[in-house]
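J.: Each position in the sequence shown, counted from 1, maps to that position plus 752 in the working numbering.
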Amino acid sequence: MRLGLFLVVLISVLIAVPGLAQEQYNHPFNHTQYNEFEGHLHETDADFHSGLRPFIVKRLNEAAPFDSIRFINYHKSKFSRTLVGKKLFRVSLLRVDSAKYQFYVDPVFNLEIGMDAVSKERLTVNTKGVTFRGSIGKHVSFRTSFWENQATYLPYMNAWIDKNQIVPGEGRIKNFDFDNALYRFLGVKVKGYDFSIASGLLAYSPIKALNFQLGHGKLFVGEGYRSMFLSDAGFNYPYFKVSTKLLNFQYDFIFTQLQDVRLFSTFESGFKKKWASFHYLSVNIGKRVQIGLFEGVIFKGDSAGNGSFNWNYFNPVTLSRSIQYAYDGSGNNAVAGINIKVIPFQRSAFYGQLAIDELDFTKLGKGGHIDQRLGWQLGFKIYDAFGLTNLFARLEYNGARPYTYAHESSLQSYTHYNQPLAHPLGANFHEFVGELVYRWRDLRFSYRISYASVGRDTTGINYGNDVFNPDSDAFLGSDSYGNNLGQGVKTKLTYQNLEIAYVVNRASDLNIMLGLRHRISKTEYAKEENAYIYFGIRTMLRNLYHDF
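1. Return helix, strand or coil for L1163, following the three-state DSSP convention.
2. Tell whether a beta-carbon distance below 8 Å holds between W912 and I949.
3. Buried or exposed for G1234, please, with buried defined as at least 16 other CB atoms from any protein chain shown within 10 angstroms of its CB.
4. Find the nearest neighbour of A955 within the set K943, H968, D946 and N1180, judged by alpha-carbon distance.
5. Looking only at C-alpha atoms, which of F1300, M1292 and H1298 sits nearest to G881?
6. Once you ignore the five residues that flank G976 on each side, which residues in its own chain have a CB closer than 7 Å to its CB?
7. Let me check one thing: in DSSP terms, what residues is H1031 bridge-paired to?
8. If we count the other Cβ atoms within 10 Å of its Cβ and call it buried at 16 or more, is R811 buried or exposed?
9. Which two residues bound the contiguous alpha helix (DSSP H) that contains V996?
10. Mind the definition here: the region 1115-1128 touches the region 982-992 only if three or more C-beta pairs lie below 8 Å; say whether that holds.
11. Who are the Cβ neighbours of L1303 in its own chain at under 8 Å, not counting the five residues just before and after it?
12. Mind the definition here: the region 1167-1185 touches the region 1207-1226 only if three or more C-beta pairs lie below 8 Å; say whether that holds.
13. Bridge partners of N927, per DSSP?
14. Which residues in the same chain have their Cβ closer than 7 Å to the Cβ of I1285, if we skip the five residues on either side of it in sequence?
15. In whole angstroms, what separates the C-alpha of N1085 from that of L1033?
16. If you follow the beta strand (DSSP E) that N1091 is in, where does it begin and where does it stop?
17. Just to confirm, is the Cβ distance from V1241 to G1207 under 8 Å?
18. Under DSSP, the alpha helix (DSSP H) around A815 begins and ends at which residues?
19. Counting pairs of beta carbons, one from the region 855-865 and one from the region 908-927, are three or more of them closer than 8 Å?
20. Let me know if N1282 comes out buried or exposed under the rule of 16 or more other beta-carbons within 10 Å of its beta-carbon.
21. From the DSSP output, which residues share a beta bridge with F1144?
22. Under a three-way DSSP split, which group does M909 fall into?
23. Let me know the secondary structure DSSP gives T1114 once reduced to three states.
24. Mapping the DSSP letters down to three states, classify Q1124 as helix, strand or coil.
25. Scan the region 1199-1242 and note each continuous beta strand (DSSP E) run of 3 residues or more that stays entirely inside, going in chain order.
26. What residues in its chain sit with their C-beta under 6 Å from that of E775, if we drop five residues either side in the sequence?
27. The beta strand (DSSP E) spanning L1173 covers which residue range?
28. Can you look up L793 in the DSSP assignment and give me helix, strand or coil?
29. Over what stretch of residues does the beta strand (DSSP E) that includes R1014 continue unbroken?
30. Please classify Q785: does DSSP put it in a helix, a strand, or coil?
31. So T1156 and L1126 are in contact, right, with Cβ under 8 Å, and what is the actual spacing, rounded?
This is how it looks when you write it as structure tokens:
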């Protein structure tokens, strides 16, 4: 693999880069900030492509002056204009900003304490870390972050973590005993988890229309809260990304190495690797329609189950491999489809996705053949909803048929680090998501609810929910009819999160929050209910998904 050579070339550029410093790196994932970005983007005539995230900061600022927009109506006092006030309310903790280079340092933390309202146990999250970012000249930028965590969770999270040996979206764990005087004084639950996270990015733009990235992080395809193609709900992975813009087109190619960590006996044990590539080609049709074509391929491994590298993986033509593999029986696992956004009026958007894993037209309408493997999304989002300034609202519907994203070889399933690459629920479900976010000065009120109906697998029976289970073990057979959405153990999931936050610093989204989470999982055999009241202070520079 030549990624190391590419890294050397990029670093060598650092010694001779003329021009003003410009931010070629990505803006961190943050649902709240991205919603504000998009609301203003829909007011402009900028040719901005929003279907692949995270956004490149320079392209974002070319579309609208977001460095100014995000501070509107925030901290107008005299104190906020002092050095201490600026550090607290507006800028990075450490900032070096000149014409030829930039360097910023910000703390990253989440200090949270709460209580399980059912068991009365006290729970904590203790995250602390640091983010470095900067630019040298107008062509090269970098960003890197490190987090160290100790946390205790609700019972449903503990069960999921103990089964998968990872924290959702945050990597592998070690068990941790909170046996010290402070935690005993607070009455905090003793058993918890210890885990660390690192991410990084080196970006190079030789010309305005071209951006290269070598990183370790996450990507997201779509306009919704969820994605049926590629989501940021999972763990970080190393990737090489090329993004180019020409006229009203944007093409992105991502090459990555994913990991299967299910087969291990100790924390230090090895894991299987698999190569993957993702293509996304989008076009703006006028000022109100954006259409994107997506293709994701998990490549077949060698005889030992590990991914083997092949230069054909760099084939740049979107959808070509999905068509090829449908006829040559290569054994690769491909997901393709379309992503659409339509802007009916300013500061609003209809959006949708259709993901195709398998689609046999000869068997359509013949009673639910196993090869009709589709995922879909329909949604609407609006900014300044109901005529109320700074009120964001979303309504979204997602679903996937049984066995979507699965493969005859579990190592080639559409997964990474014990989680699906697309929707966290896997397959064989449908889901509704509703969201309201209102900002008034420095206060932010948010409410999100999701309701899902899932057909769960049982021990030894594969109904098509767990995408790690090989489709050759389908309960009706690998070439069967009669596979219906929701088959299996019918499970109703309801998840709600209500939160009020005081935003201290908009640059890092430092906020003090108070919230309530409520989850119900119900089958015909059992019901599990969790309620969690929490308080804390945090910087929100990443998205976490516990609503599954």
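We treat Cβ as the ideally placed atom computed from N, Cα and C, and that holds for glycine.
T.: Result, derived from the coordinates:
1. Taking the sequence shown and counting its residues from 1, the one referred to as residue 1163 is at position 411. Three-state result, L1163: helix.
2. Within the sequence shown, the letter at position 160 stands for residue 912. Within the sequence shown, the letter at position 197 stands for residue 949. No, the Cβ-Cβ distance between W912 and I949 is not below 8 Å.
3. Along the sequence shown, read from residue 1 onward, the residue named residue 1234 stands at position 482. Looking at its Cβ environment, which holds fewer than 16 other Cβ atoms inside 10 Å, G1234 is exposed.
4. As a working mapping, residue 955 is identified with position 203 in the sequence shown. For A955, the nearest C-alpha among the options comes from H968.
5. Indexing the sequence shown from 1 puts residue 881 at position 129. Answer by Cα proximity: M1292.
6. Counting from one through the sequence shown, the residue named residue 976 turns up at place 224. Only Y1103, Q1129, G1131 and E1148 meet the Cβ criterion.
7. Sequence index remark: in the sequence shown, residue 1031 carries index 279 (1-based). Per DSSP, F1005 and E1047.
8. Numbered from its first residue, the sequence shown carries residue 811 at position 59. It is buried - the Cβ of R811 has at least 16 other Cβ atoms within 10 Å.
9. As a first step, residue 996 is located in the sequence shown; it is residue number 244 there, counting from the start. Note that residue 996 is Thr in the sequence shown here, rather than Val. Careful: T996 lies outside any alpha helix (DSSP H), inside the beta strand (DSSP E) at Y989 to L998.
10. no
11. Because the chain here runs from 753 to 1300, residue 1303 falls outside it and cannot be looked at.
12. yes
13. Counting from one through the sequence shown, the residue named residue 927 turns up at place 175. Beta-bridge pairing links N927 to Y945.
14. In the sequence shown, residue 1285 corresponds to position 533, counting from 1. Within the same chain, I1285 has close Cβ partners G866, M867, A869 and L1268.
15. Here residue 1085 is taken as the residue at index 333 of the sequence shown, counted from 1. Here residue 1033 is taken as the residue at index 281 of the sequence shown, counted from 1. Approximately 20 Å, taken between the alpha carbons.
16. Counting from 1 along the sequence shown, the entry for residue 1091 is found at position 339. N1085 to V1094 is the extent of the beta strand (DSSP E) around N1091.
17. Position 489 of the sequence shown, counted from the start, is the residue given in the question as residue 1241. Position 455 of the sequence shown, counted from the start, is the residue given in the question as residue 1207. Going by C-beta atoms, V1241 is nearer than 8 Å to G1207.
18. For the purposes of this step, residue 815 is identified with residue 63 of the sequence shown, where counting begins at 1. Counting along the chain, the alpha helix (DSSP H) containing A815 begins and ends at V809 to A815.
19. no
20. The residue labelled residue 1282 in the question sits at position 530 within the sequence shown. Burial call: buried.
21. Looking up residue 1144 in the sequence shown gives position 392. According to DSSP, F1144 bridges with Y1135 and V1189.
22. Position 157 of the sequence shown, counted from the first residue, corresponds to residue 909. Correct three-state label for M909: helix.
23. The residue you call residue 1114 lines up with position 362 of the sequence shown. Helix, per DSSP.
24. Counted from its first residue, the sequence shown places residue 1124 at position 372. Here Q1124 sits in coil by DSSP.
25. none
26. Here residue 775 refers to the residue found at position 23 when the sequence shown is read from its first residue. Within the same chain, E775 has close Cβ partners V809, K810, S887 and S893.
27. In the sequence shown, residue 1173 corresponds to position 421, counting from 1. L1173 -> no beta strand (DSSP E), and no H or E assigned at all.
28. Indexing the sequence shown from 1 puts residue 793 at position 41. Helix.
29. Residue mapping note: residue 1014 aligns to position 262 of the sequence shown, counting from 1. That residue, R1014, is in no beta strand (DSSP E); it is neither H nor E in DSSP.
30. The residue you call residue 785 lines up with position 33 of the sequence shown. The answer is helix: DSSP assigns Q785 an H, G or I state.
31. Taking the first residue of the sequence shown as 1, we reach residue 1156 at position 404. Taking the first residue of the sequence shown as 1, we reach residue 1126 at position 374. Their Cβ separation, rounded to whole angstroms, is 6 Å, which keeps T1156 and L1126 in contact under 8 Å.
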